[in-house]
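Student: What follows is a structure written as structure tokens; I'll ask about it next.
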Amino acid sequence: MAASETQFQPVVATAEGHGIRAIEVAAGTAICVDLDGTLVKSDTLVDSVLAMVRQHPQALVRIPGWIAQGKAQFKRHVAEHVTLDVEHLPWNRPLLEWLRIQYGNGRAIYLATASERAFAERVAGYLGIFTGVLASDGKTNLAGGNKLAAFREQFGERFCYIGNAKPDAKLLVACESPMVANPDRALSTRLKAAGTIPVATFDDRATPLKAWLKAIRLHQWAKNALIFVPMLLGHTLRLGAIAGGVFAFFSFGLCASATYIVNDLLDIEADRKHPRKRRRPFAAGDLSAIAGVTAVVVLMALAVTIAALLLPLIKAVDPGYTLRLPHAFLGWLALYTASTLVYSFVLKRKLLLDVFMLSGLYTLRILAGSAATNVPVSSWLGGFSVFFFLSLAFVKRFSELELIRERGGAVTSGRGYHVADLEQVRALGTGASYAAVLILTLYIRDSATTQLYKHAFLLWLVIPVLLLWLSQVWMLASRGQMHDDPVVWAITDKRSIALGVVVAAVVWFAL
806 MAASETQFQP VVATAEGHGI RAIEVAAGTA ICVDLDGTLV KSDTLVDSVL
856 AMVRQHPQAL VRIPGWIAQG KAQFKRHVAE HVTLDVEHLP WNRPLLEWLR
906 IQYGNGRAIY LATASERAFA ERVAGYLGIF TGVLASDGKT NLAGGNKLAA
956 FREQFGERFC YIGNAKPDAK LLVACESPMV ANPDRALSTR LKAAGTIPVA
1006 TFDDRATPLK AWLKAIRLHQ WAKNALIFVP MLLGHTLRLG AIAGGVFAFF
1056 SFGLCASATY IVNDLLDIEA DRKHPRKRRR PFAAGDLSAI AGVTAVVVLM
1106 ALAVTIAALL LPLIKAVDPG YTLRLPHAFL GWLALYTAST LVYSFVLKRK
1156 LLLDVFMLSG LYTLRILAGS AATNVPVSSW LGGFSVFFFL SLAFVKRFSE
1206 LELIRERGGA VTSGRGYHVA DLEQVRALGT GASYAAVLIL TLYIRDSATT
1256 QLYKHAFLLW LVIPVLLLWL SQVWMLASRG QMHDDPVVWA ITDKRSIALG
1306 VVVAAVVWFA L
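Just so we're on the same page, this note's numbering is the position in the sequence shown counted from 1, plus 805.
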């Protein structure tokens, strides 16, 4: 029975609990709720496939064969290879709260999903509010018409349904008191055409713009400022070099955003168990994984296009400027992409190799900047960057271990580190930081430095500032007060910004 505007006053239930208690369903009507995109904000099948990519990559070659057996069999095979953690799924909070109220009132509630039955039963067992479960069974994919037929067989015409996507339209049109949760545009359009007005909408999602800005991590683009380091330290401020640096900055930024999304998609389950990372758009279910894959393709295409056209773009700004190796930057971008993917798929779970790869990715940005601006990198800069960023990579792991220690844990989730490693990680990290300072002192004493700076002796003032900053980083990390990404912390911490201004002033007066 379709809901009309005169019968119902639509209610919007939000994550703050607004309107939840105003939603009513006629007594004796079974309440049936969908799982993917409805009770859970993400698609658990896609989440399972992504988890399988990370945990059992060898199984990927079997996916085409599974799909050929039909959707129901495909879901069963995936469920046999991956066991999602139901406790940390991104629940639609207002919907779950309303269902718990209905359960407390003695209402019959059914979990009705196209997900594999074994998984659906685990969800139902965890929540403990469902009278029964209707799900795919390896033979029948319980979606659309199949789901409606199952409802009519079990409930007749007296059922309330809560869905979110276009396939749910026929069920919502046919049911009593239709409701939606985070409805997509296709469903809203279909319901409007059918003259069906949901009596309630359970809204629990971030605005798309906010979610995408968070997903691509624009603040992380600050790391790509390293591209300009060779040009600045080489005192090469010609227009062509600046243009090369700017184009390279955007190319690397787009590429980095794509790899961050890949990393987030592969880490969905681990992120959901983390107190801060669980708010990331894909882990929180604010963005779909399918949209994430599409974004990766678009961002990488833009990054590669800029890199491939780098020389023509530079010449459009400064016709007389050229690059010794026109395609070297594209090569560095390819190496960066390959390295980050290897890190995401393999090395981030390998003891020590992960931190060495992280520090290498920072140094790689400097080498890419050298290729884009045609300014060589000195051995001093290369050595300093390796040790400096190795220290920051150890800070990242140390902070994660400190958080786990505070929460009573013993082992990092898939990282290969133990809480017992804290002191060794601190020793390695602080040692690397002071090695970086030592290299900087040797650089200041080098005869070539005096040719670049009129007052090179002033550069010695940078040493205590750098020592102070690095010591502060490790002190805060030891107290458990450090952000799990020290670079993000550095660009937002007022004291760090002030010390950065001091260093810039010293270098300016030394010129």
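Each residue gets a CB set at the ideal place from its N, CA and C atoms; glycine is no exception.
Computed from a predicted structure; not experimentally measured.
Which same chain residues, not among the five before or five after V891, have their C-beta less than 6 Å away from its C-beta?
Tutor: R927, V928 and Y931
Student: Once DSSP output is grouped into helix, strand and coil, what is the label at V816?
Tutor: strand
Student: Where G1188 and G968 are concerned, what is the direct C-alpha to C-alpha distance, given to the nearest angstrom?
Tutor: 57 Å
Student: State yes or no: is the C-beta of A831 within less than 8 Å of the C-beta of E981?
Tutor: The answer is yes: Cβ separation under 8 Å.
Student: Are the Cβ atoms of G842 and A1005 separated by less than 8 Å?
Tutor: Taking 8 Å as the cut-off, the Cβ atoms of G842 and A1005 do not count as close.
Student: Just tell me which of P988, A1177 and T1246 has its CA closest to the CA of L1263.
Tutor: T1246
Student: Tell me which residue opens and which closes the beta strand (DSSP E) that P983 is part of.
Tutor: E981 to A986
Student: Considering only their Cβ atoms, is the gap separating I1209 from A1224 smaller than 8 Å?
Tutor: In the sequence as presented, Ala is not what sits at residue 1224; that position holds Val. Yes, these two residues count as a Cβ contact at 8 Å.
Student: Under a Cβ-count criterion, where at least 16 other Cβ atoms within 10 Å of its own Cβ denotes burial, should N910 be classed as buried or exposed?
Tutor: exposed
Student: Suppose you measure from the CA of I1119 to the CA of V1182; what does that come to, to the nearest Å?
Tutor: 20 Å
Student: Quick one: what's L865 bridged to in DSSP?
Tutor: None; L865 has no bridge partner.
Student: Comparing alpha-carbon positions, which option in L1044, S1238, E1211 and A1240 lies nearest L1338?
Tutor: The structure shown does not extend to residue 1338, since the chain spans only 806 to 1316, so no value can be given for it.
Student: With a Cβ-Cβ cutoff of 8 Å, do W1319 and A1075 count as a contact?
Tutor: Any question about residue 1319 goes unanswered here, given that the chain covers just 806 to 1316.
Student: So, at 7 Å on beta carbons, what are the nonlocal neighbours of A1198 in its own chain, with the 5 sequence-adjacent residues on each side left out?
Tutor: V1160, L1163 and S1164
Student: Is S1276 buried or exposed, if buried means 16 or more other CB atoms sit within 10 Å of its CB?
Tutor: exposed
Student: Pick helix, strand or coil for F964, following the three-state DSSP scheme.
Tutor: strand
Student: Could you check what DSSP says for S920 in three-state terms: helix, strand or coil?
Tutor: strand
Student: When DSSP labels each residue in this structure, what does I934 get in the three-state scheme?
Tutor: coil
Student: Where does the unbroken alpha helix (DSSP H) through D852 begin, and where does it stop?
Tutor: T849 to Q860
Student: Taking the C-alpha atoms as reference points, what is the distance between R1202 and Y1065?
Tutor: R1202 and Y1065: Cα-Cα distance of roughly 18 Å.
Student: Given V816, which residues of its chain have a CB within under 6 Å of its CB, disregarding the five upstream and five downstream residues?
Tutor: G824, A827, I828 and A1005
Student: Using the Cβ count rule (16 or more neighbours within 10 Å means buried), how would you classify I779?
Tutor: The first residue shown for the chain is 806 and the last is 1316, placing residue 779 beyond what the model contains.
Student: For L947, which of K1259, R881 and T1178 has the nearest alpha-carbon?
Tutor: R881
Student: Between the region 891-907 and the region 1014-1033, do at least 3 Cβ pairs fall closer than 8 Å?
Tutor: no
Student: Is the Cβ-Cβ distance between L1104 and A1139 less than 8 Å?
Tutor: no
Student: Below 8 Å between beta carbons: does that hold for T1178 and A1089?
Tutor: no
Student: Could you compute how far the alpha carbon of L1042 sits from the alpha carbon of G1213?
Tutor: Rounded to the nearest angstrom, the two C-alpha atoms are 52 Å apart.
Student: Since I believe V938 is in contact with L916 (beta carbons under 8 Å), could you give me their beta-carbon distance rounded to a whole number of angstroms?
Tutor: Going by Cβ atoms, the distance from L916 to V938 rounds to 5 Å, so yes, they are a contact pair.
Student: In whole angstroms, give me the CA-to-CA distance for A1237 and K876.
Tutor: So the two alpha carbons sit approximately 52 Å from each other.
Student: Where does S1093 fall in DSSP's three states?
Tutor: coil
Student: M1287: buried (16+ other C-beta within 10 angstroms of its C-beta) or exposed?
Tutor: buried
Student: Assuming contact is defined by CB atoms lying nearer than 8 Å, are L976 and K1015 in contact in what I supplied?
Tutor: no
Student: Below 8 Å, can you find three or more Cβ-Cβ pairs linking the region 837-851 to the region 984-1003?
Tutor: yes
Student: Would DSSP call L1157 helix, strand or coil?
Tutor: In the displayed model, L1157 falls within coil according to three-state DSSP, outside both helix and strand.
Student: Since T994 is in the alpha helix (DSSP H), which residue starts that stretch and which ends it?
Tutor: R990 to A999
Student: Where L1266 and W1026 are concerned, what is the direct C-alpha to C-alpha distance, given to the nearest angstrom?
Tutor: 29 Å
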